[in-house]
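S.K.: One structure is given below, represented as structure tokens, and several questions about it will come after.
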Amino acid sequence: MDIKKIFDNNSSWVSKQLATDPEFFDKLGQGQSPEFLYIGCSDSRVTAEELMGLQPGEVFVHRNIANMVPNTDINSMSVINYAVVHLKVNHIVVCGHYGCGGVRAAMQQSDLGILNPWLRNIRDVYRIHRKELDAIEDEEEKYKRLTELNVQEQCMNIIKTAEVQKANRERNLKVYGWIFDIHSGKLIDLKIDFDEILKDIMAIYKIT
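Residues in the sequence shown are numbered consecutively from 6, following my numbering.
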């Protein structure tokens with residue numbers, strides 16, 4: 006694609022927005038107060054606002070390979086802090102997707118260079134749930150289930166943070182785990198039981 010096409014697309018988008026709402030950009034310039042923090046995969050086929058049906062300003066977005074939230078990653082921890090403490094979001098979503106290249110790459114016995122320590126987090130998810138996963142004979146179904154379990158574990162990592170625990174007490178903030186099915190376009194709610202997870206882990210991870 007000629008890079009000039011991007012700027013042509015931008016001009017068309019601006020015209021379309023102004024035709025719908027002449028004050029669109031004036032409102033956008035006044036600041037943001039999103040209800041959602043969305044943590045998703047960097048995969049080019051999965052875009053947060055479009056699949057959620059939301060507009061600019063309605064969702065704060067953080068994306069990385071395989072929608073990971075390692076507690077030692079200053080990037081994702083900073084995003085959570087800013088979204089929860091300063092933007093006051095009330096919903097945090099971790100959204101994985103079937104066909105995730107990061108999940109598949111993590112399960113290959115290959116040296117992937119700088120990706121190794123990042124993908125090792127997914128291998129840790131496999132280790133935790135190895136008994137369940139090894140019982141699945143179909144490889145594609147195994148990858149799908151690992152994708153779901155990875156989302157679940159990242160939700161747990163978020164619930165471990167002080168900001169989220171405090172916001173839950175103060176304003177009932179919740180964490181959700183979703184899957185985007187790229188073959189149907191549908192969002193799947195994994196029905197992560199926030200309250201049950203919080204109760205289970207508080208003996209170890211409670212931060213007052």
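Glycine included, each C-beta is placed from N, C-alpha and C at the ideal position.
Based on DSSP bridge pairs, tell me the residues matched to cysteine 160.
M.R.: Numbered from 1 along the sequence shown, position 155 holds the residue referred to as residue 160. DSSP output for cysteine 160 lists no bridge partner at all.
S.K.: So, are the CB atoms of isoleucine 127 and valine 98 less than 8 Å apart?
M.R.: Residue 127 sits at position 122 when you count from the first residue of the sequence shown. Residue 98 sits at position 93 when you count from the first residue of the sequence shown. Not a contact, by the Cβ cut-off of 8 Å.
S.K.: What's the gap between the Cα of leucine 154 and the Cα of isoleucine 209?
M.R.: Numbered from its first residue, the sequence shown carries residue 154 at position 149. Numbered from its first residue, the sequence shown carries residue 209 at position 204. If you take the alpha carbons of leucine 154 and isoleucine 209, they lie about 21 Å apart.
S.K.: Strictly by DSSP, which residues pair up with isoleucine 193?
M.R.: Indexing the sequence shown from 1 puts residue 193 at position 188. Paired residue(s): Ile184.
S.K.: Taking the C-alpha atoms as reference points, what is the distance between glutamine 60 and valine 89?
M.R.: Taking the sequence shown and counting its residues from 1, one reaches residue 60 at position 55. Taking the sequence shown and counting its residues from 1, one reaches residue 89 at position 84. When rounded, the distance between both Cα atoms is 20 Å.
S.K.: To test your reading of the DSSP string, which unbroken alpha helix (DSSP H) runs of 4 or more residues are found completely within the segment 83–113?
M.R.: You should have 106–111.
S.K.: Using C-beta distances below 8 Å, list every residue in its chain close to valine 130, excluding the 5 sequence neighbours before and after it, in chain order.
M.R.: Numbered from its first residue, the sequence shown carries residue 130 at position 125. Hits under 8 Å: Leu151, Leu154, Asn155 and Glu158.
S.K.: Flag this pair as touching only if the segment 50–69 and the segment 138–149 have three or more C-beta atom pairs under 8 Å; answer yes or no.
M.R.: The segment 50–69 vs the segment 138–149: no contact.
S.K.: Report the three-state DSSP secondary structure of asparagine 121 (helix, strand or coil).
M.R.: Here residue 121 refers to the residue found at position 116 when the sequence shown is read from its first residue. Asparagine 121: helix per DSSP, three-state reduction.
S.K.: I want to know whether the segment 40–60 touches the segment 13–24 - three or more CB-CB distances under 8 Å.
M.R.: Result no; under three Cβ-Cβ pairs closer than 8 Å.
S.K.: By alpha-carbon positions, which one of Lys136, Pro122 and Leu195 ends up nearest to tryptophan 183?
M.R.: Your numbering for residue 183 matches position 178 in the sequence shown. Per the Cα distances, Leu195.
S.K.: For the putative contact between methionine 82 and tryptophan 123, defined by C-beta atoms under 8 Å, what is the C-beta separation to the nearest angstrom?
M.R.: What you label residue 82 is simply residue 77 of the sequence shown in a count that begins at 1. What you label residue 123 is simply residue 118 of the sequence shown in a count that begins at 1. Not quite, the Cβ-Cβ distance comes to about 15 Å (not below 8 Å), so this is no contact.
S.K.: How about isoleucine 197 and cysteine 160: are their beta carbons less than 8 Å apart?
M.R.: The count along the sequence shown starts at 1 and reaches residue 197 at position 192. The count along the sequence shown starts at 1 and reaches residue 160 at position 155. Yes, they are a contact pair.
S.K.: Taking buried to mean at least 16 other C-beta atoms within 10 Å of its own C-beta, is glutamine 170 buried or exposed?
M.R.: In the sequence shown, the residue the question calls residue 170 occupies position 165. Flag for glutamine 170 reads buried.
S.K.: Tell me whether glycine 45 is buried or exposed, calling it buried when 16 or more other Cβ atoms sit within 10 Å of its Cβ.
M.R.: Translated into positions along the sequence shown, residue 45 becomes position 40. Buried, because 16 or more other Cβ atoms sit within 10 Å of the Cβ of glycine 45.
S.K.: Would you kindly work out how many angstroms separate the C-alpha atoms of glutamate 55 and isoleucine 85, rounded to a whole number?
M.R.: As a working note, residue 55 is residue 50 in the sequence shown. As a working note, residue 85 is residue 80 in the sequence shown. Going from the Cα of glutamate 55 to the Cα of isoleucine 85 covers about 22 Å.
S.K.: Once the 5 residues before and after serine 53 are set aside, which same chain residues still bring their CB inside 7 Å of it?
M.R.: Stepping through the sequence shown from its first residue, residue 53 is reached at position 48. Note on residue identity: the sequence assigns alanine, not serine, to residue 53. So the qualifying residues of the chain are Tyr43, Gly45, Val64 and Val66.
S.K.: Could you give the distance in angstroms between the alpha-carbon of arginine 174 and the alpha-carbon of serine 20?
M.R.: For this step, residue 174 is matched to residue 169 along the sequence shown. For this step, residue 20 is matched to residue 15 along the sequence shown. Roughly 44 Å between the two C-alpha positions.
S.K.: Going by C-alpha to C-alpha distance, which of Arg132, Tyr181 and Ala167 sits closest to alanine 111?
M.R.: Mapped onto the sequence shown, residue 111 falls at position 106. Checked all of Arg132, Tyr181 and Ala167; the closest Cα to alanine 111 is Arg132.
S.K.: From isoleucine 212 to glutamate 28, what distance separates their C-alpha atoms?
M.R.: Taking the first residue of the sequence shown as 1, we reach residue 212 at position 207. Taking the first residue of the sequence shown as 1, we reach residue 28 at position 23. Roughly 44 Å between the two C-alpha positions.
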